[in-house]
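Undergrad: Just dropping this structure here.
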Amino acid sequence: MKVGGLGTFDFPAGFYVYTGSAKRSLSSRIHRHRSKVKKRFWHIDYLLAKAEIHEVRLFKNSGLSECELARRVACKVEANVIAPGFGASDCNCRSHFVYFKRREDLPLDSCNPVASDVHT
Numbered sequence: 065m066k067v068g069g070l071g072t073f074d075f076p077a078g079f080y081v082y083t084g085s086a087k088r089s090l091s092s093r094i095h096r097h098r099s100k101v102k103k104r105f106w107h108i109d110y111l112l113a114k115a116e117i118h119e120v121r122l123f124k125n126s127g128l129s130e131c132e133l134a135r136r137v138a139c140k141v142e143a144n145v146i147a148p149g150f151g152a153s154d155c156n157c158r159s160h161f162v163y164f165k166r167r168e169d170l171p172l173d174s175c176n177p178v179a180s181d182v183h184t
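Residue 114 in this note's numbering is what sits at position 50 of the sequence shown, and the numbering runs on without skipping anything.
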């Protein structure tokens, strides 16, 4: 799949964690990501044209930056970066998009979100 100017990648079936932030209008940002009809602007827009969001977790005022949260997710043994640079064009992170083969390997329970919106 082509992801804007980042390149073309094969995304295997599995589970992905995308780390992003919204300094203003968080609900609008989440609504935009869930919408199928939109102009492609961010890397995630290209992927979401063909994929679905199953869960959203919020870390409001957690003290963790988007980059720190992305690093914590990516450092898990089961984590794999499929698309280097994905979601990280404005920082020096390896990626803000991490692949896990199995749902039970997702590290989300240990991240202590303040809210969770689950769609299965």
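Backbone N, C-alpha and C fix where the C-beta goes; we use that ideal spot for every residue, glycine too.
Beta-carbon within less than 6 Å of A86's beta-carbon, same chain only, minus the 5 sequence neighbours each way: which residues are those?
TA: R93
Undergrad: With distances taken between CB atoms, is the gap from Y110 to V67 smaller than 7 Å?
TA: yes
Undergrad: Please state if the CB of E142 and the CB of D169 are separated by a distance shorter than 7 Å.
TA: yes
Undergrad: How is the beta strand (DSSP E) around E119 delimited, first residue to last?
TA: 119-122
Undergrad: Mind reading off the beta-carbon distance from F79 to F164? Whole number of angstroms is fine, and I expect it under 8 Å.
TA: Yes, they are in contact, since the Cβ atoms of F79 and F164 sit about 5 Å apart, within 8 Å.
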